[in-house]
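These notes are about the structure you will find just below.
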Amino acid sequence: MTTADNMPDPSIPSSSSAGSPVDSFRRRLTAQLSFDEDRFFLILAVFLGIFAGLAVVCFRITMEWARLYLLGSALTPSPLRAFLAPCLTGLVISVLIFTIFKGAAGSGLNQTKAALYISDGYIPIRTVIGKFITASLAIGSGHSLGPEDPSLQIGAGLASAAGTRLKLSRKKMRLLAPVGAAAGLAAAFNAPISAVLFVIEEVIGHWSAGILGAIVLSAVSSVVTMRLFLGAEPLFRIPSVGVIRWKELAAYAVLGILGGIASVVFSKLIGWLRPRLKATPLPLQFFYPAIAGLLIGLIAFAGFPQIMGAGYDFMDQAMHDQFTWQVLALLACLKILATTLSFTSGTPGGMFAPTLFIGAMLGGAVGTVEHIFFPALTGSVGTYALVGMGVLFAGFLRAPITSVFMALEVSGDYSIILPVLVANMFSYLISRRLQAVPILELITRHDGLSLPALEEKREEERLNVEDAMHPRPAIILDGTQSAPEAWPFVSHTAEPHFFVALRNQPPAQISYDELRHLVEAADTRALQNTEAIITVPHLHPDEDLEDALPLATRYPLIPVVNRADRSQILGVLDLADVMEAYRKSHYEFTDPL
Amino acid sequence: MNFLRRDFVVREPLLVAILVLIAVVFSTLTHAYTQAYDRRRNQLGQKWFAAANIALQQSRPDSAVDAFRTALLYDPKNWDYRLYLAEALTRAGHSKQALNYYESLWQLNPRSGIVNLNLARFAAQSGNVTDAERYFNGAIFGDWPENDAGHRREALLQLINFYLQRGDTGQAESQLIVLSANLPEDVVLRTKVADLFAQAGDYQRALNQYRLAFQIDPQYLPALAGAGKTAFQLGDYRAAETYLSRAAREDSAGADVRNLLAVTQAAASLDPFEHGLPQSEKIRRVLRAKEIATMRLDTCAQSTENPSPSPIVSLLEQEKKLKPSAKPGYLTQHPDQIDSLFEFSVAIEKQSQSLCDKLTPEDSALLALAGSPTSNEK
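Protein chains in written order, with the working numbering: chain D, -8 to 584; chain P, 10 to 387.
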């Protein structure tokens, strides 16, 4: 693939045309109009947001059309439709993903991440079209999946297509996929901040200030575009949160504990079933979406059609106290089962909405029960349902930062922060304790891939200069001394270099040989006034060791100085120190014994 | 094509223009697609709304709730769908859900009269006085799509009923005074206000309203009956007799009107405190009252198997002692004993009321006379 980096620069004139005034003018004009990839990247991010927003609007409407035709226009489908639609549509989806759209299976989240790290963000346009069609059919027919993850992949795919068409550099192509992904997710969930954070946490896998601006621009422009067509109405009506008393936090902690357990059960079920299904012969896998659809149809037929599709309407009902706690708890359990079946069967569709559904039902159930036993609690069932969403998000998807901001962004009420923090903390800790590998990473491993995760990075111990430096040398010369005055202190040592302390300045360095030459020449000037001293870069104890490494390879000894008083040497660092620190760190990480 | 690609990377403005063009084309296509879907949604919303209304008319509120919810699925912002859903939920007995809907509607339009009125009803049911007053006032001063004066009056009437149920007659009366000053020429409404004045214990204003009511329709039975009852309460037995007699002439007059007429007639003939009554007539009435009370006492003593521990025994003894003074001649000579004798007769009626049943109209009249304002003034 030819990149812009490899293309001839039009601003460089050929030897034959150099020199004439016309050419000079042309050069200047071309320079003015020349393509600046960095500047254009931000403009492109806005356009990608618009395109992703438009695509998500079409995706959502197609999904709704599919639902109308497959499940009928009633709020709860008729038993016959509920029983047949997911199964028969599952067969059609299998035909599509096994013949035309081979890359369209799955949620789209891990595929986007894999594309980012394995193929420089390249996602074939066929996969985007396939995901659009198959996910619309799957969710519209009642498979227990959501539209957010496919939207994320559609956004990333459109960005990839644009980048390929514009022949952007490989570096920019890698940055473009998350930009499109954030735009797709933001438009699907109508929440730009949460989308940005989710993409950073789960797709990019590390904090990158360089790309943040472009991601935010694309997410905002996609949400604005989506709202232009579908309106600013939220996916569910959020009840007012009101003031939450500190005593009530215990109730939210209980919700956090139950949410953590539910997250683990959900993760374990997927983690157990998915590899087993993937290990079966391919012809058998063809029927899995249909079988999953049949089982979901059975659950709906048994009287629980609420578990079909994304379920936003029923989340709204749960938030407004329209179910008993028994029904809410049962719906949470059945949704775990239904989503496990749909997802592990390879049916295209995401886990974002089902996770929110389970959280809302669980939160609603816990809130209702707590109100029965403690009628004095002021938090509405809707507030518990909202916190429950965040709890599952933190516990199951292991995106704790996104979960807090999601609850905040969706409710628009700062009073929700404290209960969300308390509940999410319990959920996240329980989930981490009982499910060592996060579900998205587990799925990645099932697929035989190894992709970076933010949770791993969070746990990585960063090494600083202070972890590697050794104590300050015993001999530090005073810059006001002359060489003969300093010589008695150094003559008996075998050190090749000495630091020279300077007033209000970082220390300089002088070699043993240079000092000896000055003594032999009887140079009585102060050391700081001689040409023999050389300035060396300095470090601070809190600086990242990674940043110190290039310096350590160029200088034999680097002083580590106090930030408040640069003349004060706290220690010194050389290449051996850096290597030893890394060796020690790796040893501790791999063999704690 | 190579030339175009070269331009793509060297001319940023051109590239932006192309991106704008693509965005415009795709926006137009998306707009057409969303419009088609919106039309379908509207059709479905209307279809389900109609089905819900039919279910509501057929007294199938649960089906109506499902249908309204489905209608809302296709038009979530539709005010009417939400309002009707809240009403259907109320009728289906899902009060809490209905309340949630009304609250969300109130947040959208705090001036909506119908929403305020429904919220006021919920607050009144739960005994939340502050909220009830706030929402009733919201309904009284709020916006109504049609017949706003009628709806506001209805809201005010409900507020008055709320005060009366709580026993806050002062507040009820002050609101009634406001309401009665702005009533249209409507006999039913006027009578209703008069009834409420009577419930609030303001019989004089109630009687005035009844009089205004049958000025509009002199044959309106509830107004006549109400006026009769109110005049009776005020101790104006002659006026009460007149109103009740007119009411009793109507075929539709109930037994209660006729019974009250009998009591009123008895009270009118027994009232010793009637204005301008000669002394001899007063004595005659007091003696007649004594006679009725003694009969009541005897009947009561006979029907009671073992009267010894009962207060009847002491009343019988007192009656024996008073027998000599219960003579016209004695009372003419000792007019100060007239009232004592009447009070004794009333005491007998009061005591026997709790011990014996079956009051005759005369007994009831004596009891009424005991509590009448003229008697109390005496």
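Think of the CB as a built atom: it goes at the ideal place given N, C-alpha and C, for glycine as much as any other residue.
Note that the structure is predicted; figures quoted are calculated from it, not measured.
Exposed or buried, residue i, counting other C-beta atoms within 10 Å across all chains shown (16 or more means buried)?
i	result
P272 of chain D	exposed
Q360 of chain P	buried
Y339 of chain P	exposed
D157 of chain P	exposed
R165 of chain D	buried
G263 of chain P	exposed
Q67 of chain P	exposed
W57 of chain P	buried
V187 of chain P	exposed
F16 of chain D	exposed
P70 of chain P	buried
T200 of chain P	buried
F365 of chain D	exposed
M306 of chain D	buried
Give the interface partners of residue i over in chain D, defined as CB-CB distance under 9 angstroms, in chain order.
i	result
D75 of chain P	A65, L66 and T67
N51 of chain P	Ordered by position in chain D, no residue passes the 9 angstroms Cβ test against N51 of chain P, which lies about 12 angstroms from the chain.
T79 of chain P	S64, A65, L66 and T67
If you measure from the beta carbon of residue i to each beta carbon in chain P, is any gap under 8 angstroms?
i	result
W56 of chain D	yes
F580 of chain D	With a pLDDT of only 47 at F580 of chain D, under the threshold of 50, the placement of this residue in the model should not be trusted, and no figure is reported.
R574 of chain D	no
D568 of chain D	no
E192 of chain D	no
E505 of chain D	no
E224 of chain D	yes
Identify the contact partners of residue i in chain D, using a Cβ-Cβ distance below 7 angstroms as the criterion.
i	result
V25 of chain P	I34
N109 of chain P	H311 and D312
Step through the CB atoms of chain D and report whether any lies within less than 8 angstroms of the CB of residue i.
i	result
L82 of chain P	yes
Y42 of chain P	yes
S189 of chain P	no
P85 of chain P	yes
S361 of chain P	no
F134 of chain P	Correcting the residue identity first, residue 134 of chain P is Gln in this sequence and not Phe. Output row for Q134 of chain P: interface = no.
Q106 of chain P	yes
Run through chain D and tell me which residues come within less than 8 angstroms of residue i, C-beta to C-beta.
i	result
Y46 of chain P	I52, E55 and W56
S72 of chain P	Neighbours of S72 of chain P on chain D: none; closest Cβ ~11 angstroms, over 8 angstroms.
Assuming residue i contacts residue j under a Cβ cut-off of 8 angstroms, what Cβ separation, rounded to an integer in Å, is found between them?
i	j	result
P528 of chain D	L542 of chain D	5 angstroms
G81 of chain D	P280 of chain D	4 angstroms
A215 of chain P	F223 of chain P	That belief does not hold up - the Cβ atoms of A215 of chain P and F223 of chain P are roughly 13 angstroms apart, past 8 angstroms.
T239 of chain P	L253 of chain P	Contact flag wrong, Cβ pair sits at about 11 angstroms.
F396 of chain D	F89 of chain D	Rounded, the Cβ-Cβ distance is 39 angstroms, inconsistent with contact.
I290 of chain D	I282 of chain D	Going by Cβ atoms, the distance from I290 of chain D to I282 of chain D rounds to 13 angstroms, so no, they are not a contact pair.
I349 of chain D	A253 of chain D	6 angstroms
L53 of chain P	Y83 of chain P	4 angstroms
A320 of chain D	A356 of chain D	4 angstroms
What residues from chain P crowd round residue i, counting only those whose CB sits closer than 8 angstroms?
i	result
F220 of chain D	T39, H40 and T43
F31 of chain D	E21 and L24
Which of the three DSSP states, helix, strand or coil, is assigned to residue i?
i	result
V256 of chain D	helix
P(-1) of chain D	Any reading at P(-1) of chain D must be qualified, since the residue scores a pLDDT of 40, below 50, and its modelled position is unreliable; no value is offered.
A390 of chain D	coil
D469 of chain D	strand
P550 of chain D	strand
P204 of chain D	The residue asked about is misnamed: residue 204 of chain D is Gly in this sequence, not Pro. If DSSP states are grouped into helix, strand and coil, G204 of chain D belongs with the helices.
I524 of chain D	coil
V272 of chain P	helix
Listing by chain order, which chain P residues have their CB less than 7 angstroms from the CB of residue i?
i	result
I41 of chain D	A32
F38 of chain D	L28 and A32
C591 of chain D	Here chain D covers residues -8 to 584 and nothing more, so residue 591 of chain D does not appear.
List, in order along the chain, the chain P residues whose C-beta lies closer than 9 angstroms to that of residue i?
i	result
L45 of chain D	A32, F35, S36, L38 and T39
Is there at least one Cβ from chain B nearer than 8 angstroms to residue i's Cβ?
i	result
D304 of chain D	As a matter of chain content, chain B is missing from the structure shown, whose protein chains are D and P.
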